[in-house]
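Chains as they are written, first to last, in my numbering: chain A, 693 to 891; chain B, 93 to 318. Backbone N, C-alpha and C fix where the C-beta goes; we use that ideal spot for every residue, glycine too.
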């Protein structure tokens, strides 16, 4: 058997245009972006890691739990979803050594998820926020939202992205602080549907 | 007119979309640094042997051994190097190792159905596994999913994140599958791997090629394609 890094036959090295090249496997178009498909109900097999929910260590300065639940248009919990977060460090920097910035957590049987992280610093003048992807059975592609923090009212008022969100829906993007950390529930559909973004 | 290759979130033939697809229009998000960067996961989550699903220690999984390989590129055709690729799948009998899968088909004690690897400098990846079986699901009467392998890719930026499914050539179940058919017709064949004789290893395993092209831009300086 060959190794992944071993040099390959010419047709494997460059067949960007797909058709008409000798040796190109038949029936496979590489003409454009690959479509998305749902993660399906068994996503936890492939997409969960033991350390996934821990963006930072428990004893990291400012470590806090961000948690919530996901519900569908009937108000039922979504037990087969995955939340992923991507964020800057507390100084607003990405890719700093020792700071992964990425968290992922599948929902439990009650639709709940939790990620241990730190509040990010401001990036390019925006209010502190996390970028969030939600995957689930029944979602043919991910939906994207942002977690802002309700205890940053001045920064939120000046945030250019929040300004594009209708005032009556902005609260769906605000994590509220309680005695267990920050809470951010996600409603996929229905009254109080979470604001989702198009990239 | 849309040219997006992605399926609409509300695709009623796939019943689970009806209560889960958001109904409000998404708000266009201008890309800032947070969107144009993404996690660099490196080798962290990958353990030696993770790219071979067909063996559990020294015990072989049941089923037809296959090799699945391909190249990950961005929308401009540049290889996406050194990035995590995650896969998961049913076993050869069409059964997932998951508490909710109650399909009356045997579990294989030597097949967990999960794999991870990193793309190389040319964006290439390679897994050894067994061909997954088709399996029934409850979407509509006599519904069966075409055999598939789930793929998860990060790319270089938050904008490029992709989860998809790879199918096998000429599956007769394509015509009946609302998940496959949720994709606009012009892009469906991008989900179908190609039999690849050049990757087939004599007297050992069939090869299939599945190239993946990620949508979305990134801020990371590009390496020159090799």
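* **Three-state secondary structure (DSSP) of residue 266 (chain B)** => helix
* **residue 146 (chain B) beta carbon near the ligand COA (any heavy atom closer than 7 Å)** => Of ligands this structure carries none, so the ligand COA is not represented either.
* Have a look at the DSSP bridge pairing and note the partners of residue 746 (chain A). => A:808
* Please list, in chain order, all residues of the same chain as residue 151 (chain B) whose beta carbon is under 6 Å from its beta carbon, the five residues on each side excluded. => Contacts found: 202.
* **beta strand (DSSP E) segment containing residue 207 (chain B), residue limits** => 206 to 210
* Any idea if residue 791 (chain A) is buried or exposed, counting beta-carbon neighbours within 10 angstroms, 16 or more meaning buried? -> Here residue 791 (chain A) is buried. Its C-beta has 16 or more other C-beta atoms within 10 Å.
* Between B:221, B:217 and B:250, which lies nearest to residue 122 (chain B) when the distance is taken from Cα to Cα? -> Nearest of B:221, B:217 and B:250 to residue 122 (chain B), Cα basis: B:250.
* Asked: Given a limit of 8 Å on CB to CB distance, which residues of the segment 787 to 807 of chain A reach chain B?
  -> 787, 792, 793 and 794
* To do: Could you pull the start and end residues of the alpha helix (DSSP H) that residue 823 (chain A) belongs to?
  => It is not in any alpha helix (DSSP H) - residue 823 (chain A) instead sits in the beta strand (DSSP E) that spans 821 to 828.
* Asked: Under 7 Å Cβ-Cβ, which residues of chain B neighbour residue 783 (chain A)?
  -> Going along chain B, no residue has its Cβ under 7 Å from residue 783 (chain A), so there is no contact; the nearest lies around 13 Å.
* Asked: How many angstroms separate the CA atom of residue 860 (chain A) from the CA atom of residue 230 (chain B)?
  -> 38 Å
* In whole angstroms, what separates the C-alpha of residue 232 (chain B) from that of residue 239 (chain B)? -> Looking at the two C-alpha atoms, the distance is approximately 17 Å.
* Please state whether DSSP places residue 837 (chain A) in a helix, a strand or coil. => strand
* Alpha-carbon to alpha-carbon, residue 236 (chain B) and residue 200 (chain B) -> 20 Å
* Classify residue 93 (chain B) as helix, strand or coil using the three-state DSSP reduction. => Confidence at residue 93 (chain B) is low in this model, with a pLDDT of 46, below 50, so its placement is unreliable and the value that follows should be read with caution. Looking at residue 93 (chain B) - three-state DSSP - the assignment turns out to be coil, as it is neither helix nor strand.
* chain A contact residues for residue 158 (chain B), given Cβ-Cβ distances below 9 Å -> What residue 158 (chain B) touches in chain A: nothing, since even the nearest Cβ is about 12 Å away.
* What does a CB cutoff of less than 8 Å around residue 115 (chain B) pick up in its chain, not counting 5 residues either side in sequence? -> 102
* To do: Could you tell me which chain A residues have their CB closer than 9 Å to the CB of residue 292 (chain B), listed as they occur along the chain?
  => Within 9 Å Cβ-Cβ: nothing; residue 292 (chain B) doesn't reach chain A, min ~11 Å.
* Does the distance from the C-beta atom of residue 801 (chain A) to that of residue 793 (chain A) stay below 8 Å? -> Taking 8 Å as the Cβ cut-off, residue 801 (chain A) and residue 793 (chain A) do not qualify as a contacting pair.
* **chain B residues whose Cβ lies nearer than 9 Å to that of residue 745 (chain A)** => By Cβ distance, chain B contributes nothing, its closest Cβ being about 13 Å from residue 745 (chain A), past 9 Å.
* Asked: Helix, strand or coil: which one does DSSP assign to residue 777 (chain A)?
  -> strand
* Asked: Which word fits residue 889 (chain A), buried or exposed, when buried means at least 16 other C-beta atoms lie within 10 angstroms of its C-beta?
  -> buried
* To do: Could you spell out where the beta strand (DSSP E) holding residue 125 (chain B) opens and where it closes?
  => Taken as a continuous stretch (DSSP letters only), residue 125 (chain B) belongs to no beta strand (DSSP E), being part of the alpha helix (DSSP H) at 125 to 128.
* **residue 739 (chain A), enclosing alpha helix (DSSP H) - first and last residue** => 735 to 739
* To do: Please determine if the segment 806 to 820 of chain A and the segment 104 to 119 of chain B are in contact, where contact requires at least 3 C-beta pairs separated by less than 8 Å.
  => no
* **residue 780 (chain A) at chain B interface by Cβ criterion, 8 Å** => For residue 780 (chain A), the answer is yes, since a Cβ of chain B falls inside 8 Å of its Cβ.
* Would you decide whether residue 829 (chain A) is buried or exposed? Buried here means 16 or more other CB atoms lie within 10 Å of its CB. => Here residue 829 (chain A) is buried: its Cβ has 16 or more other Cβ atoms, across all protein chains shown, within 10 Å.
* **Straight-line gap, residue 834 (chain A) to residue 826 (chain A) (C-alpha atoms, nearest Å)** => 5 Å
* **N- and C-terminal bounds of the alpha helix (DSSP H) containing residue 845 (chain A)** => Per DSSP, residue 845 (chain A) belongs to the alpha helix (DSSP H) from 845 to 849.
* To do: Would you please state the rounded distance, in angstroms, between the beta carbons of residue 737 (chain A) and residue 190 (chain B)? I believe it to be under 8 Å.
  => 6 Å
* Have a look at the DSSP bridge pairing and note the partners of residue 335 (chain B). => A query on residue 335 (chain B) cannot be resolved here, the shown segment of chain B reaching from 93 to 318 and no further.
* Residues of chain A with CB under 7 Å from residue 176 (chain B), in chain order? -> None at all; the shortest Cβ gap to chain A is about 11 Å.
* Asked: Helix or strand or just coil, what does DSSP make of residue 174 (chain B)?
  -> coil
* Can you find a C-beta in chain B that's less than 8 Å from the C-beta of residue 717 (chain A)? -> Only weak support is given to the placement of residue 717 (chain A): the predicted model assigns it a pLDDT of 44, under 50, and the question is left unresolved by the model.
* Asked: Do you know how far the Cα of residue 881 (chain A) is from the Cα of residue 764 (chain A)?
  -> 6 Å
* Asked: Hey, how far is the Cα of residue 302 (chain B) from the Cα of residue 753 (chain A)?
  -> About 44 Å.
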